[in-house]
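Here's the structure, in structure tokens; my notes come after.
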Amino acid sequence: MTVFFPVLGFDHLEFYVGNARQAAKFYETTFGFTRTAHRGLETGSRKVASYVVEQGEIRLVLSTALNSDHPIAHRVLQHGDHVAVIGLAVPDAIDAYKQVTARGAIGVIPPTTAEDEFGLLHYAAIQLYGNVILKFVDRSDYRGTFAPEFKPQLAITPNRGAGLQTIDHIVGNVELGAMERWVKFFEETMGFELLVHFDDQAISTEYSALMSKVVQNGSGKIKLPINEPAAGKRKSQIEEYLEYHQGPGVQHIALSTQNIIATVSQLREMGVEFLRIPMTYYENLEARVGKIDESIDQLAELGILVDRDQEGYLLQIFTQPVEDRPTLFFEIIERHGAQSFGEGNFKSLFEAIEREQALRGNL
Ligand code: FE2
18 MTVFFPVLGF
28 DHLEFYVGNA
38 RQAAKFYETT
48 FGFTRTAHRG
58 LETGSRKVAS
68 YVVEQGEIRL
78 VLSTALNSDH
88 PIAHRVLQHG
98 DHVAVIGLAV
108 PDAIDAYKQV
118 TARGAIGVIP
128 PTTAEDEFGL
138 LHYAAIQLYG
148 NVILKFVDRS
158 DYRGTFAPEF
168 KPQLAITPNR
178 GAGLQTIDHI
188 VGNVELGAME
198 RWVKFFEETM
208 GFELLVHFDD
218 QAISTEYSAL
228 MSKVVQNGSG
238 KIKLPINEPA
248 AGKRKSQIEE
258 YLEYHQGPGV
268 QHIALSTQNI
278 IATVSQLREM
288 GVEFLRIPMT
298 YYENLEARVG
308 KIDESIDQLA
318 ELGILVDRDQ
328 EGYLLQIFTQ
338 PVEDRPTLFF
348 EIIERHGAQS
358 FGEGNFKSLF
368 EAIEREQALR
378 GNL
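One point on numbering: in my numbering, the residue at position 261 of the sequence shown is 278, and numbering is uninterrupted.
Okay, structure coming up:
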């Protein structure tokens, strides 16, 4: 693998939403994020209002159009509330853009420098699957809270948070036959590698209705699984996503914690709705995954899943979709050495998702 450009980590994720003020409140009150910056009519932004919310190293931006002509309004009409921008923190946005566009990436925002009293913010963006764009952000000459146009906004009551620390991975759903093309894009254009230990066969159970491959950058900080629908007994959850999202897009965002029991207990208390896992999942769990530090009773009570690979184990749980369309959801993950994504849980996860699909009349 050749590294074409260094990546420091995820910089932010920008959502396009119908009502950014309420979306920001949702992430603050149910996920424990703290508001740090805002732009809107009050700050001189005449076309878009955005709220920046943060927790640990995770930064989300919720943006809405202030009138129907704006492209954000068109995108929200098509996709509903969705992830529109995946921001990567890089030491040199212009170089990253040059490296990947020279290898065939489609430029969306050419190298740009925005300026205010806090310095210079350099960025550029390329096209990813569906209408998602990948933005390179270089903050080395910038000391502001988020970006020019944004005003720092301290929360009225500082949020206690829920122990969420980083973006572990971001999963994209693409149309049938497109997964290989995007894996190739990440390998050949971005210089990412395919995680070889992620085996397609491992998820081919009778319930499986998807194919999945994972690409990651050289440092392993950026992990991007890509799913495509596969023929199953019933309507694939990926097909359901593609139908309601009206095209490819981000399916789920995994957020890491170092204490999933505390985090999930708190998120539940604040109103986050998780997928229900049948109690049968916890029978013989220790025989399947070996010894773990956590109490299985406690995991069962909260509906947390466990999986093991050669390097260790992981604990994970999935939320219900966070909008009315059955599209974007979140995963909470705590890794104990394991570098995989919970393939051993796909069967129980699929069963849980399929029960919800059936309730929606989409099976
Ligand atoms: Fe995941």
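Beta carbons: idealized from backbone N, C-alpha and C, even for Gly. Predicted model only: the values in this text are computed from it and were never measured.
What three-state label does DSSP hand residue i in the structure shown?
i      : result
Asp216 : The predicted position of Asp216 is uncertain, since its pLDDT is 49 and thus under 50; no value can be drawn from it.
Gln144 : strand
Lys308 : coil
Phe367 : helix
Arg377 : coil
Ser282 : helix
Leu25  : coil
Arg325 : strand
Thr398 : Since the first and last residues shown for the chain are 18 and 380, residue 398 lies out of range.
Gly361 : helix
Pro108 : coil
Pro88  : helix
Ala131 : strand
Phe209 : coil
Lys42  : helix
Thr60  : helix
Arg372 : helix
Phe163 : coil
Val93  : helix
Ile184 : strand
Ile126 : strand
DSSP beta-bridge partners for residue i?
i      : result
Met228 : Glu245
Glu348 : Ala271 and Phe335
Glu31  : Val78 and Val102
Pro169 : Ala54
Tyr114 : According to DSSP, Tyr114 bridges with nothing at all.
Gly189 : Ile243 and Val267
Ala66  : Thr81
Asp155 : His139
Phe202 : None, per the DSSP bridge assignment.
Leu302 : Note: Leu302 sits in no beta bridge, so no partner.
Gln72  : Ile75
His353 : Tyr330
Gln233 : Glu210 and Lys240
Phe48  : Its beta-bridge partners do not exist; DSSP assigns none.
Ile150 : Val102 and Gln144
Which residue wins for smallest C-alpha separation from residue i, given the options the options?
i      : options                           : result
Tyr30  : Ile184, Asp310 and Asp109         : Per the sequence shown, the amino acid found at residue 30 is Leu instead of Tyr. The option with the nearest alpha carbon to Leu30 is Ile184.
Ala106 : Arg156, Glu59 and Asn379          : Arg156
Asp109 : Val267, Thr297, Gln333 and Leu25  : Leu25
Ala113 : Ala101, His99, Ala131 and Ile143  : Ile143
Glu300 : Val289, Val323, Tyr68 and Thr53   : Val323
Leu332 : Ile349, Pro343, Leu345 and Pro338 : Ile349
Ile448 : Ala66, Glu373, Glu257 and Ala131  : Given that the chain is displayed from residue 18 to residue 380, the structure contains no residue 448 and the question cannot be resolved.
Phe358 : Met196, Ile370 and Leu241         : Leu241
Asp98  : Tyr159, Arg76, Val34 and Ala66    : Val34
Pro88  : Gln72, Val65, Ile75 and Val70     : Val65
Thr19  : Arg325, Ser236, Leu319 and Leu259 : Ser236
Phe32  : Glu74, Val102, Ser62 and Leu83    : Val102
Met196 : Met228, Ala248, Gly178 and Met207 : Met228
Pro265 : Ile370, Thr274 and Arg92          : Arg92
Gln39  : Ser67, Leu58 and Phe27            : Ser67
Tyr261 : Tyr146, Thr344 and Arg160         : Thr344
Met287 : Phe27, Phe43, Phe22 and Asp28     : Phe43
Arg160 : Leu302, Leu145 and Glu132         : Glu132
Tyr258 : Arg76, Leu380, Asp326 and Thr46   : Leu380
Gly121 : Leu211, Trp199 and Pro23          : Trp199
Leu79  : Ala41, Phe48 and Val154           : Ala41
Phe180 : Asp341, Ile75 and Gly136          : The residue asked about is misnamed: residue 180 is Gly in this sequence, not Phe. Cα-wise, what sits closest to Gly180 is Ile75.
Give the C-beta separation of residue i and residue j to the nearest angstrom, bearing in mind that I take them to be a contact with Cβ-Cβ under 8 angstroms.
i      : j      : result
Arg56  : Lys168 : 7 angstroms
Ile309 : Ile277 : Not a contact, Cβ separation roughly 11 angstroms.
Ile243 : Val191 : 6 angstroms
Asn176 : Thr51  : 4 angstroms
Phe346 : His269 : 5 angstroms
Ala226 : Gln254 : 6 angstroms
Gln337 : Leu292 : 6 angstroms
Lys152 : Gly73  : Lys152 to Gly73, Cβ: 20 angstroms. No contact.
For chain D, is any of its Cβ atoms less than 8 angstroms away from the one on residue i?
i      : result
Ala271 : Absence of chain D from the displayed structure is noted, only one protein chain being present.
Regarding residue i and the ligand NAD, is the C-beta to nearest heavy atom distance less than 7 angstroms?
i      : result
Leu319 : No copy of the ligand NAD occurs in the structure displayed; its ligands are the ligand FE2 alone.
Please list, in chain order, all residues with a C-beta atom less than 6 angstroms from at least one heavy atom of the ligand FE2. Per the Cβ criterion, the list is His186, Val188, His269, Ala271, Glu348 and Phe358.
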